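Here my numbering is used: the first residue of the sequence shown is 10, the next is one more, and so on.
Ideal placement from N, C-alpha and C gives every residue a C-beta, glycine not left out.
Treat the numbers as computed from the prediction; the structure is a model and nothing was measured.
As C-alpha coordinates, the structure follows; a few thoughts come after it.
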Amino acid sequence: MIEIHSIEAANARLRIRRAERSLKRANDLLDEEGGVALNLALCGRIRAARRHLIEARTRLMTIDPARTS
(Lines of atoms letter the chains of each structure in order from A and count residues from 1; the text may use other names and numbers.)
(Lines give C-alpha, C1' and ligand atoms only; values in the text may rest on other atoms or scores of the structure.)
Protein backbone atom coordinates (compact mmCIF):
# COMPACT_ATOMS: atom_id res chain seq x y z
CA MET A 1 0.00 0.00 0.00
CA ILE A 2 2.80 2.42 0.87
CA GLU A 3 4.54 1.71 -2.44
CA ILE A 4 1.41 2.60 -4.39
CA HIS A 5 1.05 5.76 -2.34
CA SER A 6 4.68 6.70 -3.03
CA ILE A 7 4.31 6.01 -6.75
CA GLU A 8 1.12 8.08 -6.97
CA ALA A 9 2.75 10.97 -5.10
CA ALA A 10 5.78 10.81 -7.40
CA ASN A 11 3.52 10.82 -10.46
CA ALA A 12 1.65 13.83 -9.09
CA ARG A 13 4.91 15.72 -8.50
CA LEU A 14 6.01 14.82 -12.03
CA ARG A 15 2.73 16.19 -13.42
CA ILE A 16 3.31 19.43 -11.53
CA ARG A 17 6.83 19.80 -12.94
CA ARG A 18 5.61 19.09 -16.47
CA ALA A 19 2.76 21.58 -16.18
CA GLU A 20 5.08 24.26 -14.77
CA ARG A 21 7.58 23.66 -17.58
CA SER A 22 4.85 23.81 -20.22
CA LEU A 23 3.47 27.03 -18.77
CA LYS A 24 6.94 28.61 -18.72
CA ARG A 25 7.60 27.64 -22.34
CA ALA A 26 4.26 29.06 -23.47
CA ASN A 27 4.86 32.33 -21.61
CA ASP A 28 8.36 32.59 -23.10
CA LEU A 29 6.96 32.07 -26.60
CA LEU A 30 4.27 34.67 -25.95
CA ASP A 31 6.98 37.23 -25.11
CA GLU A 32 8.48 36.78 -28.60
CA GLU A 33 7.02 38.49 -31.66
CA GLY A 34 4.90 35.87 -33.39
CA GLY A 35 1.82 37.54 -34.75
CA VAL A 36 -1.78 37.65 -33.64
CA ALA A 37 -2.71 34.08 -34.62
CA LEU A 38 0.23 32.60 -32.75
CA ASN A 39 -0.47 34.76 -29.70
CA LEU A 40 -4.10 33.61 -29.62
CA ALA A 41 -3.01 29.98 -29.84
CA LEU A 42 -0.48 30.54 -27.06
CA CYS A 43 -3.12 32.15 -24.85
CA GLY A 44 -5.18 28.97 -25.19
CA ARG A 45 -2.11 26.89 -24.41
CA ILE A 46 -1.35 29.02 -21.34
CA ARG A 47 -4.91 28.63 -20.04
CA ALA A 48 -4.69 24.86 -20.52
CA ALA A 49 -1.28 24.71 -18.81
CA ARG A 50 -2.58 26.70 -15.84
CA ARG A 51 -5.58 24.37 -15.58
CA HIS A 52 -3.28 21.31 -15.70
CA LEU A 53 -1.05 22.83 -13.03
CA ILE A 54 -4.01 23.44 -10.72
CA GLU A 55 -5.31 19.91 -11.32
CA ALA A 56 -1.87 18.40 -10.65
CA ARG A 57 -1.45 20.36 -7.42
CA THR A 58 -4.94 19.36 -6.30
CA ARG A 59 -4.16 15.73 -7.06
CA LEU A 60 -0.95 15.89 -5.02
CA MET A 61 -2.79 17.49 -2.11
CA THR A 62 -5.34 14.67 -2.26
CA ILE A 63 -2.63 12.02 -2.30
CA ASP A 64 -0.22 13.61 0.17
CA PRO A 65 -1.82 16.41 2.24
CA ALA A 66 1.36 16.90 4.29
CA ARG A 67 3.24 18.09 1.21
CA THR A 68 2.24 21.65 0.34
CA SER A 69 4.96 22.72 -2.10
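- The straight-line gap separating the alpha-carbon atoms of Arg66 and Arg26 is approximately 10 angstroms.
- Within the model, the alpha-carbon separation for Arg54 versus Leu32 is close to 8 angstroms.
- Secondary structure at Asp37: helix, using DSSP grouped into helix, strand and coil.
- The Cβ atoms of Glu17 and Ile63 lie no closer than 8 angstroms to each other.
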